[in-house]
Structures are given as structure tokens and as C-alpha cells.
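S.K.: I'd like to ask some things about the structure below.
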Amino acid sequence: GQQLNQSPQSMFIQEGEDVSMNCTSSSIFNTWLWYKQDPGEGPVLLIALYKAGELTSNGRLTAQFGITRKDSFLNISASIPSDVGIYFCAGPSGGSNYKLTFGKGTLLTVNP
Amino acid sequence: NAGVTQTPKFQVLKTGQSMTLQCAQDMNHNSMYWYRQDPGMGLRLIYYSASEGTTDKGEVPNGYNVSRLNKREFSLRLESAAPSQTSVYFCAGRGPRGRNTEAFFGQGTRLTVV
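Next up, the structure:
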């Protein structure tokens, strides 16, 4: 099946540092979604991207839809302890707008 | 609105037992999904229902069946549970417009098969 490759798998950073993570696919995506999962909870949408080249911000978070449509990036600026969690990229795959596929996630740990 | 509600929240099964995980939404979602989450594996799609009356296989459908009972409810059934099905299961709803809209997740069902 279509795969989304996220990197890095995990990150350990100090509070106040900036964070970058990315997601790549061997196939073209028409939408990129970035989710965050807090421990014991379901994922929650952070940012949605719909056009190649699009750059969208949500507070300290910024995400970009790669020009090739095969990748996307998520940046977090000035990290804080509550940024801890798993970050997932996702998108409709397999030629269907309804089949929503997720990457394996990036586990972020922020040391105060 | 309660959003997406999953029951039960926790369950322990013996190998070979059957059970149904329930999911209900009150957000008028057209599409509904079942995922399983295992350490290091992310969220893997089991089955999805693009609209009421339709269901399709995801990445890991073996050992599961689903029913889209009506627009609100999408259940996941394990006919003969196996230890490999120990996981956290998430239900999600999406739409109503369907196209490119975010998926809303339930709180998860933590299933252990012994």
C-alpha cells in the first residue's frame, strides 16, 4: 500500500528550541494533514494543506506542502513542554479522497 | 455534541473470543474509519466507510469485519480474537463535505487479547 515516511522517528529537545520534521511519499498527494496525539488521547488536527507550495501557520506551528507534492514539513518554533506528543502526517491515498493514510509518527520529547 | 464516541474504553479478551467495538458520532460525518495503533507503527487503517451503505478495506483488514449500521454508527467486529490484535483502536469521522476535511477521532479502545 501507499506509504508515508516520517522522520525523524523521535526527537529529544530542550524547551525553547525549534523543531523540524518531515513526511515523504513515493506518490503524489493532493492534501497533507498534520496531527498531534497527546498521551492517552486520539489525534487532533493541527494544520491542513491543500495546494502545492502552500505555507500555513497555526500559532508556533508552520507547515508546508512540498512543490513536488510528495513531501511536507512541519516546524515548531520556541518549543514548550506541552508540545510533547506524537506528530503524524496524513493524507488521502490510493486514488481515493476517502482512504486516509497516516505516517508512523514523530515522538517529540521536550525537556524543561 | 459528544463528537465521536467509542465503547468500551478498555477490554480484555481471551484468545478465540469475539467482540464488537462500537463507534457513534453526532457530527453528521459522511465518512467513518477504524484504525489500530501499535508502538512504532503509527495509525494503520483497518476499514473505512466513505458513506452510509459502503465499506472498504484499509491496510490491515484481516481478522476484522465492519458494519455501517446507519450514518451515525460504524462498528468493528473481531470474530475470533488473537494476541496479535492487542492494540489501541481508534474510530474517526470525516465530512460532511468529504473532500479534504479533517478527521475527528474518538478516545480509543484499549484491547488486550490474552
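Going line by line, the protein sequences match chains A and B. In this note's numbering, each number is its position in the first sequence, counted from 1, plus 25. In this note's numbering, each number is its position in the second sequence, counted from 1, plus 1321. C-beta: ideal position from N, C-alpha, C; glycine also. Note that the coordinates shown come from a computational prediction; the quantities given were computed from them, not determined experimentally.
1) With Ser-1484(B) and Ser-1352(B) assumed to form a contact (beta carbons below 8 Å), what rounded beta-carbon distance in angstroms separates them?
2) Indicate the three-state DSSP secondary structure (helix, strand or coil) for Pro-117(A) in the structure shown.
3) Going along the region 69-90 of chain A in order, which residues come within less than 9 Å of chain B, judged by CB to CB distance?
4) DSSP has Ser-45(A) in a bridge; who is on the other side?
5) Are Gly-128(A) and Gly-1363(B) close, meaning C-beta to C-beta below 8 Å?
6) Can you give me the start and stop residues for the beta strand (DSSP E) that Lys-61(A) sits inside?
7) Is the CB of Leu-125(A) under 8 Å away from at least one CB in chain B?
8) Against chain B, does Lys-95(A) count as a neighbour if the rule is that its beta carbon must be under 8 Å from one of theirs?
9) For the pair the region 28-35 of chain A and the region 104-124 of chain A, tell me if three or more CB-CB distances fall below 8 Å.
10) Tell me which residues share the same chain as Arg-1431(B) and place their Cβ nearer than 6 Å to its Cβ, disregarding the 5 neighbours each side in the sequence.
11) Can you pull the chain A neighbours of Ser-1352(B), defined as C-beta to C-beta under 7 Å?
12) Grouping DSSP H, G and I as helix and E and B as strand, with all else coil, what is Gln-1406(B)?
13) If we ignore side chains and look at the alpha-carbon of each, how far apart do Asn-1383(B) and Gly-1361(B) end up?
14) Give the straight-line distance between the Cα atoms of Leu-99(A) and Gln-1343(B), rounded to the nearest whole angstrom.
15) Consult DSSP for Asp-1347(B) and reduce its assignment to one of helix, strand or coil.
16) Pick from Val-69(A), Val-135(A), Gly-91(A): whose alpha carbon is nearest that of Gly-1414(B)?
17) Under the three-state reduction of DSSP, which class applies to Ser-107(A): helix, strand or coil?
18) Is the beta carbon of Gln-1406(B) less than 8 Å from the beta carbon of Val-1434(B)?
19) When you compare only the Cα positions, how much space is there between Leu-1390(B) and Tyr-1354(B)?
M.R.: The relevant details are as follows:
1) Because chain B here runs from 1322 to 1435, residue 1484(B) falls outside it and cannot be looked at.
2) In the structure shown, Pro-117(A) falls within a strand segment according to DSSP collapsed to helix, strand and coil.
3) If the cut-off is 9 Å between Cβ atoms, the region 69-90 of chain A has Val-69, Leu-70, Ala-73, Tyr-75 near chain B.
4) Per DSSP, Asn-100(A).
5) Going by beta carbons, Gly-128(A) and Gly-1363(B) fall inside the 8 Å limit.
6) The continuous beta strand (DSSP E) containing Lys-61(A) extends over residues 57-62.
7) It does: the Cβ of Leu-125(A) has a partner Cβ on chain B nearer than 8 Å.
8) Taking Cβ atoms only, chain B never reaches closer than 8 Å to Lys-95(A), which makes this a no.
9) Cβ pair count under 8 Å is three or more, so yes.
10) The residues Phe-1331, Val-1409, in chain order, have a CB closer than 6 Å to that of Arg-1431(B) in the same chain once the five nearest residues on each side in sequence are set aside.
11) Under the 7 Å cutoff, chain A gives Tyr-123.
12) It is helical.
13) Going from the Cα of Asn-1383(B) to the Cα of Gly-1361(B) covers about 20 Å.
14) The C-alpha of Leu-99(A) lies about 33 Å from the C-alpha of Gln-1343(B).
15) Three-state DSSP puts Asp-1347(B) in coil, outside helix and strand.
16) The residue among Val-69(A), Val-135(A), Gly-91(A) with its C-alpha nearest the C-alpha of Gly-1414(B) is Val-69(A).
17) Here Ser-107(A) sits in helix by DSSP.
18) In this structure, Val-1434(B) lies closer than 8 Å to Gln-1406(B) by Cβ.
19) C-alpha separation (whole angstroms): 13 Å.
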